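Student: Numbering (our numbering), first residue to last: 269 to 619. No residue lacks a Cβ here, since even glycine has one placed at the ideal position from N, Cα and C. Remember, predicted model here, so these are calculated numbers, not experimental data. Before I ask anything, let me first share the structure, which is written out below as structure tokens.
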């Protein structure tokens, strides 16, 4: 079995004609057969996941694997044509020097962004989730990530600190472009935003030089790569750096660290453009498809190609959803599928 690295790339899928209101292969609703307008809006993503009721954002990032016996690069599944459904026969990839390689495999697990796999790495007739599928879906938030080295001690910050604004609902309305039930408006960056701050050096001194602190900041923003890229020492895109400046000032003010900004010795930012270009994520999202009703649980994209035998999916784009625990469960579900295990219990440990 060959597993594709999250930062490399992977593969596959199909467009099926819905037989009823909900198609369990493509995970799409045929809203033409649903009479209630309100229900159509819900199923088409007009009602977003509400973090205030169901929990906050997961940190950016997802589980990664490797291309066995090869270096990461541009990876694509190879399907052997037959009179029936095409079947995976291996992968092709380029190493760091640009040399092409091939690996034989009867199973390929694509753990990178599903939209990228489907729409750029497979021929249209092999796509389970083509462009038409994604045009009806809602991306989860992106983020500006801020990595800071700060001189001196910061006892005002715990290992994990959450700064919440009083306008939580309005903030996420801006991120998703919602102006109320059934109405849309352009997305925008909340100001101020509810942000997450991690100070790992509070519990592990080895992550920062002696006499300094290691700080990570996550600012949730719309999934929009045009917001720009990050950079070092304030040299990223103007909007990304402005968002970072505001978050840094917010931490200093809300945590009572008046000289916080002036004590920063190392600064690096990451923006939606980086998620798009470096990780090939859909619209530069940091998380994957949003947890709307029509994109959650068994409504989420499935973990097996309907057009290419032997091509499976793992990660935040597929079932069960967003967040590192969910991504690990998605890998477990792939293992169970390969074993023909249809039970609802967890796999025994060790595997």
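#1: For residue 569, count the other beta carbons within 10 Å of its own beta carbon; 16 or more makes it buried, fewer makes it exposed. Which is it?
#2: Grouping DSSP H, G and I as helix and E and B as strand, with all else coil, what is residue 622?
#3: Closest to residue 357 by CA distance: which of 608, 578 and 616 is it?
#4: With DSSP as the reference, identify every bridge partner of residue 482, one or two as the case may be.
#5: Please state whether DSSP places residue 617 in a helix, a strand or coil.
#6: Less than 6 angstroms between C-beta atoms, sequence neighbours within five positions excluded: which residues of the same chain meet that for residue 405?
#7: Which of the three DSSP states, helix, strand or coil, is assigned to residue 428?
#8: Identify every run of the alpha helix (DSSP H) within the stretch 435-514, keeping only runs that are complete inside it and at least 4 residues long; order them along the chain.
#9: Which of the three DSSP states, helix, strand or coil, is assigned to residue 535?
#10: Quick check: the stretch 425-443 against the stretch 455-466, are at least 3 beta-carbon pairs closer than 8 angstroms?
#11: Could you work out which residue in 607, 586, 508 and 378 is closest to residue 598 when comparing CA atoms only?
#12: So who's on the other strand from residue 557, going by DSSP bridges?
#13: Within this structure, are the beta carbons of residue 550 and residue 407 separated by less than 8 angstroms?
#14: Taking C-beta to C-beta, are residue 573 and residue 396 nearer than 8 angstroms?
#15: Given a threshold of 16 other Cβ atoms within 10 Å of its Cβ, counted over all protein chains shown, does residue 321 qualify as buried or as exposed?
#16: I'd like to check one pair, residue 410 with residue 540: are the Cβ atoms closer than 8 angstroms?
#17: State the beta-bridge partners of residue 579 as determined by DSSP.
#18: Which complete alpha helix (DSSP H) runs does the stretch 583-613 hold, if anything under 4 residues is left out?
#19: Take residue 536 and list the residues in its own chain whose beta-carbon comes closer than 6 angstroms to its own, dropping the five residues that flank it on each side.
#20: Let me know the secondary structure DSSP gives residue 355 once reduced to three states.
#21: If we count the other Cβ atoms within 10 Å of its Cβ and call it buried at 16 or more, is residue 505 buried or exposed?
#22: Whose C-beta lies closer than 7 angstroms to the C-beta of residue 529 among residues of the same chain, with five residues either side of it excluded?
#23: Just how far apart, CA to CA, sit residue 418 and residue 532?
#24: What does the Cβ neighbour count give for residue 544, buried or exposed, with the cut at 16 atoms within 10 Å?
#25: Less than 7 angstroms between C-beta atoms, sequence neighbours within five positions excluded: which residues of the same chain meet that for residue 512?
#26: Hey, would you say residue 465 sits closer than 8 angstroms to residue 425, going by beta carbons?
#27: Whose C-beta lies closer than 8 angstroms to the C-beta of residue 454 among residues of the same chain, with five residues either side of it excluded?
#28: If you measure between the beta carbons of residue 489 and residue 467, is that distance less than 8 angstroms?
#29: Suppose you measure from the CA of residue 614 to the CA of residue 385; what does that come to, to the nearest Å?
#30: So which of 608, 575, 600 and 554 has the shortest CA-CA distance to residue 591?
#31: In its own chain, which residues sit with a C-beta less than 7 angstroms from the C-beta of residue 439, not counting the 5 before and 5 after it?
#32: On the DSSP letters alone, give me the boundaries of the alpha helix (DSSP H) that residue 540 sits inside.
#33: Ordered along the chain, which non-local residues of its own chain (more than five positions away) have a Cβ less than 6 angstroms from that of residue 609?
#34: Determine the closest residue to residue 526 out of 422, 355, 580 and 605, with distance taken between C-alpha atoms.
Tutor: With the structure as the only source:
#1: Counted from its first residue, the chain shown places residue 569 at position 301. Per the 10 Å Cβ criterion, buried.
#2: Because the chain spans 269 through 619 in this model, residue 622 falls outside it and cannot be assessed.
#3: Along the chain shown, read from residue 1 onward, the residue named residue 357 stands at position 89. Considering only alpha carbons, the answer is 578.
#4: For the purposes of this step, residue 482 is identified with residue 214 of the chain shown, where counting begins at 1. The partner list for residue 482 (beta bridge, DSSP) reads 417.
#5: Position 349 of the chain shown, counting from 1, holds the residue named residue 617. It is coil, neither helix nor strand.
#6: For this step, residue 405 is matched to residue 137 along the chain shown. Excluding positions up to five away in sequence, the list reads 557.
#7: Reading the chain shown from its first residue, position 160 is the one you call residue 428. The three-state secondary structure of residue 428, taken from DSSP, is strand.
#8: 436-444
#9: Taking the chain shown and counting its residues from 1, the one referred to as residue 535 is at position 267. In the structure shown, residue 535 sits in a strand (DSSP, three-state: E or B).
#10: yes
#11: Translated into the one-based positions of the chain shown, residue 598 becomes position 330. Residue 586 holds the alpha-carbon nearest to the alpha-carbon of residue 598 among 607, 586, 508 and 378.
#12: Within the chain shown, the letter at position 289 stands for residue 557. Answer by DSSP bridge pairing, in chain order: 407.
#13: Walking along the chain shown from the start, residue 550 turns up at place 282. Walking along the chain shown from the start, residue 407 turns up at place 139. Cβ atoms of residue 550 and residue 407: closer than 8 angstroms.
#14: Sequence index remark: in the chain shown, residue 573 carries index 305 (1-based). Sequence index remark: in the chain shown, residue 396 carries index 128 (1-based). In this structure, residue 396 lies closer than 8 angstroms to residue 573 by Cβ.
#15: By 1-based counting over the chain shown, the position of residue 321 is 53. The pLDDT assigned to residue 321 is 39, lower than 50, so where the model puts this residue is not dependable; a value taken from the coordinates is nonetheless given after this. Label assigned to residue 321: exposed.
#16: Residue numbering aside, residue 540 sits at position 272 when the chain shown is read from its first letter. Residue numbering aside, residue 410 sits at position 142 when the chain shown is read from its first letter. In contact: residue 540 and residue 410 (Cβ atoms closer than 8 angstroms).
#17: On the chain shown, position 311 is the one that residue 579 refers to. The partner list for residue 579 (beta bridge, DSSP) reads 376.
#18: 592-607
#19: Start at 1 with the first residue of the chain shown, and residue 536 comes out as number 268. So the list reads 415 and 500, once near-sequence residues are dropped.
#20: Walking along the chain shown from the start, residue 355 turns up at place 87. Strand at residue 355.
#21: The residue you call residue 505 lines up with position 237 of the chain shown. Buried, by the Cβ-count rule.
#22: What you label residue 529 is simply residue 261 of the chain shown in a count that begins at 1. Shown here for residue 529: same chain residues with a beta carbon closer than 7 angstroms to its own, the five before and five after excluded, namely 516, 517 and 520 in chain order.
#23: Here residue 418 refers to the residue found at position 150 when the chain shown is read from its first residue. Here residue 532 refers to the residue found at position 264 when the chain shown is read from its first residue. Each residue's alpha carbon lies about 4 angstroms from the other.
#24: Position 276 of the chain shown holds residue 544. When all chains shown are included, residue 544 counts as buried.
#25: For the purposes of this step, residue 512 is identified with residue 244 of the chain shown, where counting begins at 1. Same-chain partners within the cutoff: 412, 414 and 537.
#26: Stepping through the chain shown from its first residue, residue 465 is reached at position 197. Stepping through the chain shown from its first residue, residue 425 is reached at position 157. Taking 8 angstroms as the Cβ cut-off, residue 465 and residue 425 qualify as a contacting pair.
#27: Within the chain shown, numbered from 1, the residue matching residue 454 stands at position 186. The residues are 445.
#28: Mapped onto the chain shown, residue 489 falls at position 221. Mapped onto the chain shown, residue 467 falls at position 199. No, the pair does not count as a contact, with Cβ atoms beyond the cut-off.
#29: As a working note, residue 614 is residue 346 in the chain shown. As a working note, residue 385 is residue 117 in the chain shown. Cα-Cα distance, rounded: 28 angstroms.
#30: Counting from 1 along the chain shown, the entry for residue 591 is found at position 323. Nearest option by C-alpha distance: 554.
#31: For the purposes of this step, residue 439 is taken as the residue at position 171 of the chain shown. Leaving aside the five residues that flank residue 439 on each side, the residues in its chain whose CB is nearer than 7 angstroms to its CB run, in chain order, 433, 458, 461 and 462.
#32: Counting from one through the chain shown, the residue named residue 540 turns up at place 272. Note, residue 540: alpha helix (DSSP H), 540-547.
#33: Against the chain shown, residue 609 aligns to sequence position 341. Around residue 609: no qualifying Cβ.
#34: Position 258 of the chain shown, counting from 1, holds the residue named residue 526. Closest by alpha carbon: 422.
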